[in-house]
Amino acid sequence: MHSNIMKNVQHVTERKQLPENPKQLLHTIFLEIISATDVKIAKTIDDLFNDLLYGNTIFLLDGVDMVLNINTAGWEGRQIEEPITEGVIRGPREGFVENLLTNMMLVRRHIRDPNLRFDKHSIGKRSKKYMIVSYVEGIVHPELLQEIKRRLQTIDMDDAPDTGYIEEWLQDSFLSPFPQITNTERPDKVSSALLQGKVAILLDGTPFVLIAPATFGNALQSPEDYYERFVIATFIRLLRYLAAFIAIFMPALYIALLSYQPGMLPTNLTISIAAAREGVPFPPFVEAIMMVITMELLREAGARLPKTIGQTIGIVGGLVIGDAAVSAGIVSPVMVVIIALNAVASFAIPEYSLGISFRIILLGFMIAAGLLGIYGIILAYIMVNIHIVNLKSVGVPYSAPFGPFFKGDWNDLVMRAPLQTINRRPVYMQTKDDKSGNKGE
Amino acid sequence: MRPFEYSDETISEKELLIALPSMLIASGVLSLPKLLAMYTVAADGWIPLFVSGITNLIMAACVARFTMQFAGQPFYSYASKLVTRPVAWFFTMAFCGLFVAIAALEVREIADISKSYLFHRTPVEVIALSFLLVVVYAVCGSRAGILRLNLLFLPIILFIFILLLSLDIKFIEMKNLLPMFQTDMKDYMRAMPAGIGSYSWFGIIWFYIALIKKPKKLGRKVAKVMCIPIVVYLLFYVACIGVFGNMVTANMIYPVVELAKEAELPGGIFERFESVFFVVWLMAIFNTTAMAFDIAVYALNSLFRKVDKHKFVFTLAPVIFLIAFIPQNTESVRSYDSVLNYFALSFSLFLLLLFVTVQKTKGVKGNG
Chain Z
31 MHSNIMKNVQ
41 HVTERKQLPE
51 NPKQLLHTIF
61 LEIISATDVK
71 IAKTIDDLFN
81 DLLYGNTIFL
91 LDGVDMVLNI
101 NTAGWEGRQI
111 EEPITEGVIR
121 GPREGFVENL
131 LTNMMLVRRH
141 IRDPNLRFDK
151 HSIGKRSKKY
161 MIVSYVEGIV
171 HPELLQEIKR
181 RLQTIDMDDA
191 PDTGYIEEWL
201 QDSFLSPFPQ
211 ITNTERPDKV
221 SSALLQGKVA
231 ILLDGTPFVL
241 IAPATFGNAL
251 QSPEDYYERF
261 VIATFIRLLR
271 YLAAFIAIFM
281 PALYIALLSY
291 QPGMLPTNLT
301 ISIAAAREGV
311 PFPPFVEAIM
321 MVITMELLRE
331 AGARLPKTIG
341 QTIGIVGGLV
351 IGDAAVSAGI
361 VSPVMVVIIA
371 LNAVASFAIP
381 EYSLGISFRI
391 ILLGFMIAAG
401 LLGIYGIILA
411 YIMVNIHIVN
421 LKSVGVPYSA
431 PFGPFFKGDW
441 NDLVMRAPLQ
451 TINRRPVYMQ
461 TKDDKSGNKG
471 E
Chain H
59 MRPFEYSDET
69 ISEKELLIAL
79 PSMLIASGVL
89 SLPKLLAMYT
99 VAADGWIPLF
109 VSGITNLIMA
119 ACVARFTMQF
129 AGQPFYSYAS
139 KLVTRPVAWF
149 FTMAFCGLFV
159 AIAALEVREI
169 ADISKSYLFH
179 RTPVEVIALS
189 FLLVVVYAVC
199 GSRAGILRLN
209 LLFLPIILFI
219 FILLLSLDIK
229 FIEMKNLLPM
239 FQTDMKDYMR
249 AMPAGIGSYS
259 WFGIIWFYIA
269 LIKKPKKLGR
279 KVAKVMCIPI
289 VVYLLFYVAC
299 IGVFGNMVTA
309 NMIYPVVELA
319 KEAELPGGIF
329 ERFESVFFVV
339 WLMAIFNTTA
349 MAFDIAVYAL
359 NSLFRKVDKH
369 KFVFTLAPVI
379 FLIAFIPQNT
389 ESVRSYDSVL
399 NYFALSFSLF
409 LLLLFVTVQK
419 TKGVKGNG
């Protein structure tokens, strides 16, 4: 501000002949003297409030009914770092930061299309934060965009510290455990979503960007799927579906098979499990619930602790779960194996918010198994499916393209076909321009 | 550019086409081979099964072709155009009753089979009630949702069907299947009801046609998908006879589940495959029940438009539960089943003939 405005003004007033008319004077200053970028002329006080509080400079001149609104906002911020929540082995390592302009730049760097739009909105009655709705004109379906903007307008709160606030206002069903809007820290994920006809919402002050709509299939995909060759990517995706299965069913199956249908397991296995459970005072259901809750506590404690102490939790947890509990005769070793496998599987879900919802669903499945055995599990599974087919994300069925079946989208769903064959944007997005050279990137 | 139509309460042809096999593949098939084996020699039961399958296929295709012209209209509205309003009202109520009865039958069968293969101590009522509650949850949701469930479940069901057959193929003995064509005409006729029974629930077309916007060549497509249940039934029947022989099959209550009992998964993860099989088959039965219940509610809703859908759901649920426990034993469940099937088939046939004649004489036009 100092070098661009004050110095210039002082310097010029000393030397040059300036027009006498204040109105012309202001124009001269506006056009010639101030060397800052993004200068606007404002007439009413309402135009100024928000910008002044954001850090802009207001230039007033006596005798004119106009002022200059000069963008001088600037502040210290975090450097661009690797995203913490979504790591990849191969692929871009940049993550979003708290600064909105930097984030826009990061997205823009991936898509240099003139049709990429950043619509500015203000959010929060008191905080007046900037929020950007980003999409690619010509790809996104207008109705979808309209619906998202309509919902954004209903937001009524003082402040939105994180996009999580916006997510809750936007989502279709507030009772659902499933994340109906994706959040990400990765610019490459955002840009590929934009090219698929989705809408991204960026908020000032948070590195988490929302992507709407989201589907169940999306939640089990990682950007890395497109950076590795398709055979490997397909294998990893299949592995993830297996992980999802284990994350939801494993402890419930343990309960059901041990308490209701022991005959279903091979005889030798049943005998060895029974032998291992010798001396365990609790029925399988209580045993499993105890272990799952312990596991959740460890997870939560591990997330909250500073990184240096965090490792202690690992050691303590490993000892408590792995060894001491077994030798104390509270749980059986088989249970420990199951819980460990279950925990590992739920960490393999690429989207953290889906991982959490699986943990909740898991508890439901365990209760169902405790009540009705394997019959209860399948009823619970049917219920989850009923819920999913009724769920929508900003109007798009959550189960697409499984549920409303779109054959064209199956080349990039459970498996990932070679990129050359993925030459259309997702059909379920009903994009304006459905051909893409490359859907993945 | 296409509008976001698919996310509304309309469905595409695909969903109706998947709904048909999902509706027909249900609990009936589990006991079907027994009923056929009772009257026929060796594997001759395939003839009545096939003949009735083809009959029903033609019927379903005709119904689809006829209703296609009224696509997008509820049954009650096009029926009242053809025959008068009171008559249409009566037909709708009859359909409602039919589908309530079908739902009740499925609930009962679930309870019976679970009792004999999964639980021994849990009371049947608890099993049936928990199943019914899940169905109620589904029916309370959106109608398109139920049809989408079919899309999610049918592949799993067909997968377990193929898996079961491939695991059992080594037990099939050719001598059980021969000699062929030894049954006399009278016995074929006696076996016919069992064959017809399992196919006759294609009546869902009468109602779900209302959800489709612009069907094309629906008759032919319906005929194609009707082949799926025919193949499933035939292969199950042949496998049962091939593995157990005619005599043993005739004396089993649920031969197909017994078939699963014979199968062994390589690797020995699950000792008793029949539990796995039945649990997956439960999804098939669930789909049928949910659709039947949904149509019953749909029928009532088209008569009383102002009443909330949920009210019908919660009034019909106890009715279904009570009807399910009217038959005292397996024998009476079976006769209940066959009465229902005969009614379903003849009612569809009757409606079709009536409607076509009326349309010809009165010249009522469809959507064009």
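First to last, the protein sequences are chains Z and H. If you're matching positions, the first sequence starts at 31 in this note's numbering and goes up one per residue. If you're matching positions, the second sequence starts at 59 in this note's numbering and goes up one per residue. Beta carbons: idealized from backbone N, C-alpha and C, even for Gly. Note that the structure is predicted; figures quoted are calculated from it, not measured.
Item, Value
"Distance between Ala-77 of chain H and Leu-210 of chain H (C-alpha atoms, nearest Å)", "11 Å"
"Environment of Thr-415 of chain H [buried if 16+ CB atoms lie within 10 Å]", "exposed"
"Reference Asp-149 of chain Z, options Z:Glu-106, Z:Met-135 and Z:Lys-179, closest by Cα", "Z:Lys-179"
"Endpoints, alpha helix (DSSP H) assigned at His-417 of chain Z", "382 to 420"
"Neighbourhood of Phe-153 of chain H by C-beta, 6 Å cutoff - its chain only, sequence neighbours within 5 removed", "Ala-357"
"Residue nearest to Ile-360 of chain Z in terms of C-alpha spacing, selected from Z:Pro-314, Z:Phe-395 and Z:Gly-348", "Z:Pro-314"
"Chain Z contacts made by the stretch 340 to 371 of chain H, where a contact means CB separation under 8 Å", "Leu-340, Met-341 and Phe-344"
"Where Phe-432 of chain Z sits in the DSSP three-state scheme", "coil"
"C-beta contact flag for Val-338 of chain H and Ile-214 of chain H at 8 Å", "yes"
"Straight-line Cα distance separating Leu-250 of chain Z from Ile-379 of chain Z", "6 Å"
"Supposed contact pair Asp-255 of chain Z and Arg-446 of chain Z - C-beta distance, whole angstroms, cut 8 Å", "5 Å"
"Status (buried if at least 16 other CB within 10 Å, exposed otherwise) for His-368 of chain H", "exposed"
"Distance between Thr-115 of chain Z and Pro-385 of chain Z (C-alpha atoms, nearest Å)", "The question names Pro, but residue 385 of chain Z is Gly in the sequence shown. The alpha-carbon atoms of Gly-385 of chain Z and Thr-115 of chain Z are separated by roughly 12 Å."
"CA nearest to the CA of Phe-124 of chain H, picked from H:Ala-186, H:Leu-276 and H:Phe-405", "H:Leu-276"
"Given Ser-138 of chain H as reference, the closest of H:Tyr-394, H:Cys-298, H:Leu-323 and H:Ser-360 once Cα atoms are compared", "H:Ser-360"
"Whether Ser-221 of chain Z touches His-140 of chain Z by CB criterion (8 Å)", "yes"
"Selection of the stretch 306 to 338 of chain H by Cβ proximity to chain Z, strictly under 7 Å", "Gly-326, Phe-328, Glu-329, Arg-330, Ser-333 and Val-337"
"The beta strand (DSSP E) enclosing Arg-30 of chain Z, as first and last residue numbers", "Outside the modelled stretch of chain Z, which goes from 31 to 471, sits residue 30 of chain Z, for which no answer is possible."
"Short CB-CB distance (under 8 Å) between Thr-297 of chain Z and chain H", "yes"
"Inter-residue Cα distance where the pair is Ile-83 of chain H and Ala-342 of chain H", "6 Å"
"Beta-carbon gap between Thr-67 of chain Z and Asn-38 of chain Z smaller than 8 Å", "no"
"Cβ pair count under 8 Å reaching 3, the stretch 86 to 98 of chain H against the stretch 286 to 303 of chain H", "yes"
"Length of the line joining the Cα atoms of Pro-273 of chain H and Met-126 of chain H", "7 Å"
"Residue-chain proximity (Tyr-266 of chain H, chain Z), Cβ-Cβ < 8 Å", "no"
"C-beta neighbour in chain Z for Ala-375 of chain H, strict 8 Å", "no"
"Contact residues within the stretch 408 to 430 of chain Z, judged by C-beta distance below 7 Å to chain H", "Ile-408, Leu-409, Ile-412, Met-413, Asn-415, Ile-416, Val-419, Asn-420, Lys-422, Gly-425, Val-426, Pro-427 and Ser-429"
"Start and end residues, alpha helix (DSSP H) containing Ser-404 of chain H", "388 to 420"
"Arg-120 of chain Z beta carbon less than 8 Å from that of Glu-326 of chain Z", "no"
"Candidates Z:Lys-219, Z:Lys-158 and Z:Ser-164: closest to Glu-124 of chain Z by CA position", "Z:Lys-219"
"Rounded straight-line distance, which links the Cα of Val-374 of chain Z to that of Ile-262 of chain H", "45 Å"
"Assigned exposure category for Ser-164 of chain Z - 16 Cβ within 10 Å defines buried", "buried"
"DSSP bridge partner residues for Arg-446 of chain Z (one or two, in chain order)", "Z:Asp-442"
"Cβ pair Leu-232 of chain Z, Met-320 of chain Z closer than 8 Å", "no"
"Alpha helix (DSSP H) segment containing Leu-78 of chain Z, residue limits", "75 to 84"
"Alpha carbon of Thr-214 of chain Z to alpha carbon of Phe-126 of chain Z, nearest angstrom", "9 Å"
"Euclidean distance between Cα positions of Ser-200 of chain H and Gly-340 of chain Z", "46 Å"
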